[in-house]
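A.B. asks: Attaching a single structure in structure tokens format; questions to follow.
Protein chains in written order, with the working numbering: chain B, 819 to 884; chain X, -11 to 686.
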């Protein structure tokens, strides 16, 4: 059961990363560990930030192929 | 004992490969099952991955997990995140798999299934996967830098600018040719046009949903979006049957081209969350789902390949694209065998998320093998069709006329017997008015996929549904690429011209943004429109240009990899990149030269221009031109195409020059001279790049 759930969680993470949204839990864990007490983005802010960075074209990177 | 067992396993894989490949190669005169191609491909991939990629990883690159990756050193929970290798594999594959590996093999099927299959398999093992792997490796050792940055730091600033110009040119041609594929698929097809138009309001609805109603709920949004898309396909069937509605969604290629150009402009200035992002989510999931579905379909249905192993068109007289097997087959199948574009992806976001250096092997090499399998499936989808149907769909009107009767006669003369009734029946089966001259690859692939998928789910009754599903699936991710690509192109233009006029660089300035967007859309729009009015179907002209540019970018990336190997003092193994570089240079330079100077006006741009100039001087008007003005425009377009082709050749030759100079310099220096970072395990030797700043601190 646990294995099935892990597989689901991993596939979910893969699907979200495919569209440029990394793991929010990992982001929160990172901030809690490395920057304790500092404010971090809520999930909604995080999501908007990911969208802006994926498509903003700011660094001139093409995130997709022909 | 384990070693013995594993050895026996690999011998069995080799035996299976030999047997399957033998069946494919020797099964002349009778049809063979597509499954043999699948087995051949899978065994080839397994052996190449197990042995060749391992050799590259351990001997050539000497991947070292003691070197910390950028993801570990700059971990910020956002851009730089150590990521599970299977999750990252999915991300990387979704980024590299696009329309390219689906279209190229379909076009190349005109020479039969054997040449295309061989090139896809040999190409990916020795060139494509090697490029992706080594670029990913190099970028990982350089803080996840882009290809342009790496060329600049390893080969000097001038080489960097040349490579950037090359990238910009390939972007222009790529966007034009992809948009052309959509135009060709939708022209005079009310069903297809309706469903693709319907994706715009659906995507906007989903955009509003994920922005305001249920922020960031990607799965909910995708499921609702998928249901609405299926409903749009189903309703499209009714639109096509209703004369009034069908008329409202029936457009000529020219009209569709202008619409896509206008769309490209509007879409790339809209906020990303409204249209681009939601459609990207839908198209990405649909793409992965369809690829998996097609693989299952082929395994379950086990279709026979009806295309001959080799057709007479290897002599260069083919209707789909002109030019002989060498070099044009190797240009036509770019993605799937080797795609320069991947070097941009492999130096994009993936290297910033690699957990450990050794995982570059699975993600770089393995990811490209998977893409190659997509190309094999596309080839299968084209080759399970009756060859007469294939050529009816892909030959230009100039070759087969515009009626089923004229097409049946022309096809029979080529040796592919078919009746006009059968051509009309096929059109009815897929819910279209005609299947003649639907060039561009997408419709052919869609018919092939409908053939396979309807054998799997739904039978003949669902053939039309599956056809339009396949068209929608391709159009959806092509339009997403056009939208995203236009934004990237705009940025590149601002960056490049910004070095001359600094005010132009400001991405905050509306004026600069609008001018740069207009330039970006204008550049690809020009080639798109030119392709649409081309009597030979446009794909004929643009796809080889795209193939040449894509392979040239691969050559540039491989030259960089070679220089890196020499600078690492691994020249003993430099053949790993030198062999594919040499082959790509041979193909692209020959193809480029022939596109310029070939005496056959169907191949050479200058010969074509001369033919029209001569006619113009004699006061004649040649089809498709209807008057002297159009004659002049055709001649002008020929010179533009020739100029672009010459530019590609100059860019790649300049890079070869720089490559040789740097190799000689590296050979003369007894020390390792690469600009890697993170040499001492655990110590960040360079300042964190700008993107690595903690987000919250901004």
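We put the beta carbon where it would ideally sit given N, CA and C, even for glycine.
1) Taking any Cβ of chain B, which residues in the stretch 67 to 79 of chain X have a Cβ under 9 Å from it, in chain order?
2) For residue 462/X, which three-state DSSP category applies?
3) Anything in chain D within Cβ reach of residue 273/X, meaning under 9 Å, just list it in chain order.
4) For residue 488/X, which three-state DSSP category applies?
5) Closest Cβ-Cβ distance between residue 869/B and chain X: below 8 Å?
6) What does residue 854/B reach in chain X if we use C-beta pairs closer than 8 Å?
7) Reducing DSSP to helix, strand and coil, say where residue 263/X ends up.
8) Less than 8 Å between CB atoms is the rule here; does residue 329/X satisfy it with respect to chain B?
9) Kindly indicate which three-state DSSP category residue 44/X falls into: helix, strand or coil?
10) Compile a chain-ordered list of the residues in the stretch 203 to 215 of chain X whose CB is closer than 7 Å to at least one CB of chain B.
11) If you measure from the beta carbon of residue 844/B to each beta carbon in chain X, is any gap under 8 Å?
12) Listing by chain order, which chain B residues have their CB less than 8 Å from the CB of residue 269/X?
13) Can you tell me whether DSSP reads residue 21/X as helix, strand or coil?
14) Is the number of C-beta pairs between the stretch 119 to 135 of chain X and the stretch 458 to 465 of chain X that are closer than 8 Å three or more?
15) Just to confirm the assignment: which complete beta strand (DSSP E) runs, minimum length 3, are found wholly within the stretch 35 to 119 of chain X?
16) Do residue 245/X and residue 517/X have their C-beta atoms within less than 8 Å of each other?
17) With 16 as the cutoff for other CB atoms within 10 Å, does residue 614/X come out buried or exposed?
18) Is there at least one Cβ from chain B nearer than 8 Å to residue 170/X's Cβ?
19) Look at residue 663/X and residue 338/X and say whether their C-beta atoms are less than 8 Å apart.
20) Taking Cβ to Cβ, would you say residue 302/X is nearer than 8 Å to residue 362/X?
21) So residue 865/B contacts chain X; which residues on that side make the cut at Cβ distance below 7 Å?
22) In the DSSP assignment, find the unbroken alpha helix (DSSP H) run with residue 632/X in it and report its ends.
23) Please report the distance separating the alpha-carbon of residue 8/X from that of residue 425/X.
24) Using CA coordinates, which residue listed in 306/X, 380/X, 226/X is at the minimum distance from residue 452/X?
25) How about residue 430/X and residue 173/X: do their beta carbons lie closer than 8 Å?
26) Kindly indicate the opening and closing residues of the alpha helix (DSSP H) around residue 694/X.
27) Within the 8 Å Cβ cut-off, does residue 821/B reach chain X?
28) Span of the alpha helix (DSSP H) holding residue 537/X?
29) Taking 8 Å as the CB-CB limit, is residue -2/X close to chain B?
30) Give the C-beta separation of residue 271/X and residue 468/X to the nearest angstrom, bearing in mind that I take them to be a contact with Cβ-Cβ under 8 Å.
31) Please classify residue 664/X: does DSSP put it in a helix, a strand, or coil?
32) Going residue by residue through the stretch 405 to 486 of chain X, where are the continuous alpha helix (DSSP H) segments of at least 4 residues, counting only ones entirely within it?
33) Give me the residue from 475/X, 476/X, 504/X with the minimum Cα distance to residue 486/X.
34) In chain B, which residues lie with their C-beta within 7 Å of the C-beta of residue 63/X?
35) Would you tell me roughly how many angstroms separate the C-alpha atoms of residue 532/X and residue 316/X, rounded to the nearest one?
36) Residue 364/X and residue 423/X - do their beta-carbons sit closer together than 8 Å?
C.D. replies: To lay it out plainly:
1) 67, 69, 70, 71, 72, 74, 75, 76, 77, 78, 79
2) What you label residue 462/X is simply residue 474 of the second chain in a count that begins at 1. Correct three-state label for residue 462/X: helix.
3) No chain D appears in this structure, whose protein chains are B and X.
4) Taking the first residue of the second chain as 1, we reach residue 488/X at position 500. Coil.
5) As a working note, residue 869/B is residue 51 in the first chain. Interface residue, yes.
6) Counting from 1 along the first chain, the entry for residue 854/B is found at position 36. What residue 854/B touches in chain X: nothing, since even the nearest Cβ is about 12 Å away.
7) Here residue 263/X corresponds to residue number 275 of the second chain, with the count starting at 1. The answer is coil: DSSP assigns residue 263/X none of H, G, I, E or B.
8) Reading the second chain from its first residue, position 341 is the one you call residue 329/X. It does; some Cβ of chain B falls within 8 Å.
9) Position 56 of the second chain, counted from the start, is the residue given in the question as residue 44/X. Helix.
10) 203, 204, 206
11) Start at 1 with the first residue of the first chain, and residue 844/B comes out as number 26. At least one chain X Cβ lies under 8 Å of residue 844/B.
12) As a first step, residue 269/X must be located in the second chain, where it is residue number 281. The answer, in chain order, is 837.
13) What you label residue 21/X is simply residue 33 of the second chain in a count that begins at 1. DSSP places residue 21/X in strand when its eight states are reduced to three.
14) no
15) Here no run is fully enclosed.
16) Counted from its first residue, the second chain places residue 245/X at position 257. Counted from its first residue, the second chain places residue 517/X at position 529. In contact: residue 245/X and residue 517/X (Cβ atoms closer than 8 Å).
17) Translated into positions along the second chain, residue 614/X becomes position 626. Classification of residue 614/X: exposed, given that the 10 Å Cβ count is below 16.
18) Your numbering for residue 170/X matches position 182 in the second chain. For residue 170/X, the answer is no, since every Cβ of chain B falls outside 8 Å of its Cβ.
19) Taking the second chain and counting its residues from 1, the one referred to as residue 663/X is at position 675. Taking the second chain and counting its residues from 1, the one referred to as residue 338/X is at position 350. Their beta carbons are not under 8 Å apart, which means residue 663/X does not touch residue 338/X by this criterion.
20) Within the second chain, the letter at position 314 stands for residue 302/X. Within the second chain, the letter at position 374 stands for residue 362/X. Not a contact, by the Cβ cut-off of 8 Å.
21) Your numbering for residue 865/B matches position 47 in the first chain. Near residue 865/B (Cβ distances below 7 Å), the residues of chain X are 203, 204.
22) Here residue 632/X corresponds to residue number 644 of the second chain, with the count starting at 1. Element bounds for residue 632/X: 616 to 656.
23) If you number the second chain from 1, residue 8/X lands on position 20. If you number the second chain from 1, residue 425/X lands on position 437. Whole-angstrom Cα-Cα distance: 34 Å.
24) The residue you call residue 452/X lines up with position 464 of the second chain. Closest option to residue 452/X, Cα to Cα, is 226/X.
25) Reading the second chain from its first residue, position 442 is the one you call residue 430/X. Reading the second chain from its first residue, position 185 is the one you call residue 173/X. In contact: residue 430/X and residue 173/X (Cβ atoms closer than 8 Å).
26) Outside the displayed range of chain X (-11 to 686) lies residue 694/X, so it cannot be described from this structure.
27) In the first chain, residue 821/B corresponds to position 3, counting from 1. No - not a single Cβ of chain X is within 8 Å of the one on residue 821/B.
28) What you label residue 537/X is simply residue 549 of the second chain in a count that begins at 1. Start and end: 527 to 555.
29) Mapped onto the second chain, residue -2/X falls at position 10. It does not; no Cβ of chain B falls within 8 Å.
30) Translated into positions along the second chain, residue 271/X becomes position 283. Translated into positions along the second chain, residue 468/X becomes position 480. Right, their Cβ atoms sit about 5 Å apart.
31) Counting from one through the second chain, the residue named residue 664/X turns up at place 676. Note: residue 664/X maps to coil in three-state DSSP.
32) Complete alpha helix (DSSP H) runs here, min 4: 408 to 417, 430 to 444, 451 to 486.
33) Residue 486/X sits at position 498 when you count from the first residue of the second chain. The residue with the shortest Cα to Cα distance from residue 486/X is 504/X.
34) Counting from 1 along the second chain, the entry for residue 63/X is found at position 75. Per Cβ cutoff of 7 Å: 848.
35) As a working mapping, residue 532/X is identified with position 544 in the second chain. As a working mapping, residue 316/X is identified with position 328 in the second chain. Taken atom to atom, the span from the alpha-carbon of residue 532/X to that of residue 316/X is near 7 Å.
36) Stepping through the second chain from its first residue, residue 423/X is reached at position 435. Stepping through the second chain from its first residue, residue 364/X is reached at position 376. No, they are not a contact pair.
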